[in-house]
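The opening residue of the sequence shown carries number 1196 in my numbering; numbering runs sequentially from there.
Working notes, structure below.
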Amino acid sequence: MTAKRLILAIVVALGIAVPATAVAESPSTINPSGRQTVPRTDGRYVVWLDYRAGDLGAADIYAADLATGEAIAVTTDAVQASAPAIDDGVVVWSEARDTPSYSSDIVGMNLATGERFDIATNGSQAAIAGGWVVWVSGTGLVAKNLAVDNEPIELASGGNIHAPAIDGDRITWEDLRPGGDATRWQLLTMRLGESEPTVIFEGRPFSKGANGSFGFDVADGTVVVIDTTFTLRAFDLAAGTETTAALPAYSQRPTTDGRYVFWEDHRMGATWVDLRGYDLRTASDFVAVSGNESPPIAALSPDVAGDTLVWSQGNDIDSTIHVAPVSTLLPTAPVDDRHESPDSVIFFPETGHSLRLGFRAFWQHNGNLPVFGFPLTEEFRELNADTGDVYTVQFTERQRFEYHPENAGTPYAVLLGRLGDELLLRQGRDWRDFPTADPSSSHFMVETGQAIDDRFWPYWSSHGLDLNDSGVSFRESLALFGFPLSHPIMETNADGDTVLTQYFERAVFEYHPQNDAPHDVLLRRLGAEALAARGWLTMTTAE
């Protein structure tokens, strides 16, 4: 049987440039009539359950080629089709065709050729990766290699196996098994060819027979799960390490590509659901997609692969499929001007970002554009590795602002990142290894054993945070820039210029003698460099 093909309108919502590796180069919307749910993607195609026929009790499956806009009717005549899975252009799902038993078969389709094929009878919850399909058959977990005409192999049996996922040759699933007097939930994993699974995580479900998590996923050797305490847990299976992050209540359905995690955030209620994102590399938590209260809009069922996130957005009657490169959902992605009150918000069209409330006031009163530059992100939350606490942060071209509510009402409510020290660490250099200055040098700082160069001293001493001192005091300059960490060094900066450079805790000074004072001393764009090091933007897009 071949697929019925048609063209769906894929409406480009925003024209934001993204890396060339993304098939979907800008956010787009697939908008047939009716309700569209549970999208899944392999980065090239998106496939979903489709209720355009109007029967909410029987779903069809449609797919779209993100490179061409072509859409494919995968199955439209099943009594009921399950949520599909996709990898490398091959879709698998279970479907019921006979009544009243509604027994389900596992079926597949190659989207490139339109070929449909049967995989197994009496199965459900199919997943696919690397040409292997796994599914639940009765109380067993079964797998089949589509490349060879062999019988399926049983991987595990007994218990209550649920929601298998596969990444490469690694299968992960949930299981409810007796544990003493109560049922114990386990998250298990094993590689193809292994004889016994490994328990990744276990706990007790809400009630007997219920699952013990709010969803899990596996990609690139990383398993993520939201447990019943609404804690996000990420397990790096190769390193044997675990990362945790506390989430608000009613967070569920996580998806990961191995670095980023996205999930549904239901904190605003059942009808207003956001998608939040988490960068495992930087411990950053941000709003990726916003829902809405009136009219009620929920962003649901995220899935990420190949730098592409897909999700459904709308309500129980009418919803659409959305597709976006991950890079357009990060805090660095430009936003529209909301025309908010200038008394509390400043929007910068130069970068497409805003400064609001406390960060706006801090930026304005402590040096503004010459000292900090334009904002390069929106506000988001990030773990401070020094304190172990999570704070609201925002990057500008030259700094990272960090809001400390415990200091509210004091000049220290907003603190600055130690971006000069962090840059040295990224370069593999420890400031303690630098040669120290002569203690008799002018502007010598015993705390670090370095002296501020005479060419940099006027700038350092004439700028500072506003701590209500008379003029610009030493402590105000120290609060803004920190102590010197190096002696003056001739270095090539990120723009390719070789200039006299001195590192400070929170800044890097550059001497440009061709410029008239005070512009002969310029501050390096440490915020932009830090974001580029994360992969959140390139130095070109940050200019």
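Just so you know, even glycine gets a beta-carbon here, dropped at the ideal spot from N, CA and C.
Below 8 Å between beta carbons: does that hold for residue i and residue j?
i, j, result
"residue 1570", "residue 1591", "yes"
"residue 1258", "residue 1285", "no"
"residue 1494", "residue 1511", "no"
"residue 1697", "residue 1672", "no"
"residue 1355", "residue 1344", "no"
"residue 1536", "residue 1232", "no"
"residue 1458", "residue 1492", "no"
"residue 1619", "residue 1626", "yes"
"residue 1460", "residue 1479", "no"
"residue 1427", "residue 1731", "no"
"residue 1269", "residue 1242", "yes"
"residue 1265", "residue 1277", "no"
"residue 1650", "residue 1676", "no"
"residue 1610", "residue 1597", "yes"
"residue 1244", "residue 1527", "no"
Identify the continuous alpha helix (DSSP H) that holds residue i and give its terminal residues.
i, result
"residue 1553", "1552 to 1560"
"residue 1565", "1563 to 1567"
"residue 1672", "1669 to 1676"
Measure the C-alpha to C-alpha separation of residue i and residue j and round it to an integer number of angstroms.
i, j, result
"residue 1381", "residue 1390", "17 Å"
"residue 1333", "residue 1341", "21 Å"
"residue 1578", "residue 1599", "12 Å"
"residue 1352", "residue 1237", "29 Å"
"residue 1456", "residue 1683", "42 Å"
"residue 1518", "residue 1582", "37 Å"
"residue 1646", "residue 1631", "8 Å"
"residue 1623", "residue 1616", "11 Å"
"residue 1710", "residue 1637", "24 Å"
"residue 1565", "residue 1364", "53 Å"
"residue 1335", "residue 1485", "39 Å"
"residue 1523", "residue 1633", "50 Å"
"residue 1449", "residue 1321", "18 Å"
"residue 1534", "residue 1588", "22 Å"
"residue 1217", "residue 1661", "A caution first: residue 1217 carries a pLDDT of 46, below 50, which makes its placement in the model too unreliable to give a value."
"residue 1642", "residue 1560", "28 Å"
"residue 1318", "residue 1429", "29 Å"
"residue 1261", "residue 1503", "10 Å"
"residue 1467", "residue 1392", "39 Å"
Pop quiz: residue i and residue j are said to be a contact at Cβ under 8 Å. What is the actual Cβ separation, rounded to whole angstroms?
i, j, result
"residue 1568", "residue 1551", "The pair is not a contact, with the Cβ atoms about 17 Å apart (cut-off 8 Å)."
"residue 1315", "residue 1330", "7 Å"
"residue 1281", "residue 1240", "6 Å"
"residue 1362", "residue 1338", "Actually they are not in contact, since the Cβ atoms of residue 1362 and residue 1338 sit about 13 Å apart, beyond 8 Å."
"residue 1444", "residue 1462", "7 Å"
"residue 1431", "residue 1451", "Rounded, the Cβ-Cβ distance is 11 Å, inconsistent with contact."
"residue 1532", "residue 1520", "22 Å between Cβ atoms; not a contact."
If I follow the unbroken beta strand (DSSP E) through residue i, where does it start and stop?
i, result
"residue 1410", "1408 to 1414"
"residue 1508", "1503 to 1509"
"residue 1685", "1684 to 1687"
"residue 1438", "1436 to 1441"
"residue 1463", "It is not in any beta strand (DSSP E) - residue 1463 carries neither H nor E in the DSSP assignment."
"residue 1287", "1285 to 1291"
"residue 1499", "1493 to 1500"
"residue 1344", "Per DSSP, residue 1344 belongs to no beta strand (DSSP E) and is neither H nor E."
Please confirm whether residue i has its beta-carbon closer than 8 Å to some beta-carbon of chain D.
i, result
"residue 1431", "Absent from the structure: chain D. Only one protein chain is present."
In this structure, how does DSSP classify residue i when only helix, strand and coil are distinguished?
i, result
"residue 1397", "strand"
"residue 1657", "helix"
"residue 1719", "coil"
"residue 1704", "strand"
"residue 1731", "coil"
"residue 1205", "Only weak support exists for where residue 1205 lies, its pLDDT of 37 falling under 50; the value from the coordinates is given anyway. Strand."
"residue 1216", "Low confidence applies here, because residue 1216 scores a pLDDT of 39, under 50, leaving its location unreliable and the question unanswered by this model."
"residue 1615", "helix"
"residue 1359", "strand"
"residue 1652", "helix"
"residue 1522", "helix"
"residue 1679", "strand"
"residue 1382", "strand"
"residue 1227", "coil"
"residue 1487", "strand"
"residue 1690", "coil"
"residue 1725", "helix"
"residue 1371", "strand"
"residue 1620", "helix"
"residue 1628", "helix"
"residue 1600", "helix"
"residue 1261", "coil"
"residue 1533", "coil"
"residue 1573", "coil"
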